[in-house]
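Encoded as structure tokens, the structure appears first; notes follow it.
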Amino acid sequence: MKQRWQIYADKFLQITPREQYLIILTGLIAIIFIIFSMFIDDNLLQIEKLTKQHQQNVADIQSTQMTVDVLAEALKTDPNDAIRKQLSQYQLQMSEVDQQLSLLASDLINPIQMRHALIDLLSSKKAVSLTSFDVFAAEPMELTPETEKKNVAEQPLPVQSLSLYKHGVKLTLSGDYFALKDYIAALEKLKWKFFWQTFDYQLMAYPKGELTITMYSLSTNKEFLGV
């Protein structure tokens, strides 16, 4: 190695001074370039690292800002507003149910009224006599508001149901055809509602006939007072 270096030194001394200066200058430039390149590469790596970190910081800031915007918008909304609207809807539904029940109740006849109505009509129709009178056991008819049919998760408020009872009676009346017809017409003119179920007319000894009627009424009372 030392011998090779000596050969290069002898050759360097044999060239002209101008060439020697050019070789020295070229070597210096090469050394400076290498050092400068190493320094620049380190800076470029550092710049690239800082750039990526800056981009990540910008993304984090944007994400945080979006979260802040969502929270700010949520704070503008009253959390009880949906509950108030739901309660208002339930109150409206209950009001409609109450109106329907009031209308229905106005047409119902309770057992006491039914008793007096039948007696009064029989008293006013002298040509008609009561042969038999049978009372059927009251049958419950559960009416629930439409709101109870919804999902329980959507209906947190309890809604009270209305209990109605079906009171059935079987009348056997005797009299001539037209007197019996007048009695039925008088029943239909009452302000309360009767619901006809069966009619059976039998001619006994002319002009007398026998009419068997099965009818029922609706009431909120379970008990029925017999005639």
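Add 2 to the 1-based position in the sequence shown for the working numbering, that's all there is to it.
The beta carbon of each residue, even a glycine, is placed where N, CA and C say it ideally should be.
For my contact list, residue i and residue j are in at a C-beta cut-off of 8 Å; report their separation, rounded to the angstrom.
{"i": "Leu272", "j": "Lys168", "result": "As displayed, the chain neither begins before 3 nor continues past 229, which places residue 272 out of reach and without an answer."}
{"i": "Ser126", "j": "Gly177", "result": "Their Cβ separation, rounded to whole angstroms, is 13 Å, which puts Ser126 and Gly177 out of contact at 8 Å."}
{"i": "Leu175", "j": "Thr133", "result": "7 Å"}
{"i": "Ala140", "j": "Lys224", "result": "5 Å"}
{"i": "Ile121", "j": "Leu173", "result": "Not a contact, Cβ separation roughly 12 Å."}
Residue i to residue j, Cα distance in whole Å?
{"i": "Ile186", "j": "Leu213", "result": "10 Å"}
{"i": "Gln22", "j": "Arg6", "result": "18 Å"}
{"i": "Asp136", "j": "Gln102", "result": "32 Å"}
{"i": "Val99", "j": "Thr79", "result": "32 Å"}
{"i": "Asp202", "j": "Tyr92", "result": "48 Å"}
{"i": "Asp62", "j": "Ile33", "result": "44 Å"}
{"i": "Val72", "j": "Val60", "result": "18 Å"}
{"i": "Phe35", "j": "Gly29", "result": "10 Å"}
{"i": "Thr53", "j": "Ile25", "result": "41 Å"}
{"i": "Gln204", "j": "Phe180", "result": "13 Å"}
{"i": "Gln64", "j": "Ile49", "result": "22 Å"}
{"i": "Ile31", "j": "Pro19", "result": "18 Å"}
Leaving aside the five residues before and after residue i along the sequence, list all residues of the same chain whose C-beta is less than 8 Å from its C-beta, in chain order.
{"i": "Tyr218", "result": "Phe138, Lys168, His169, Gly170, Val171, Phe196, Phe197, Gln199"}
{"i": "Glu75", "result": "none"}
{"i": "Lys210", "result": "Ser176, Gly177, Asp178"}
In chain order, what residues of the same chain lie with their CB nearer than 6 Å to the CB of residue i, ignoring the 5 residues before and after it?
{"i": "Met143", "result": "Leu166, Lys168"}
Which same chain residues, not among the five before or five after residue i, have their C-beta less than 7 Å away from its C-beta?
{"i": "Tyr208", "result": "none"}
Quick check: the region 179–194 against the region 83–92, are there 3 or more CB pairs under 8 Å?
no
Which complete beta strand (DSSP E) runs does the region 163–228 hold, if anything under 3 residues is left out?
164–178, 197–205, 210–221
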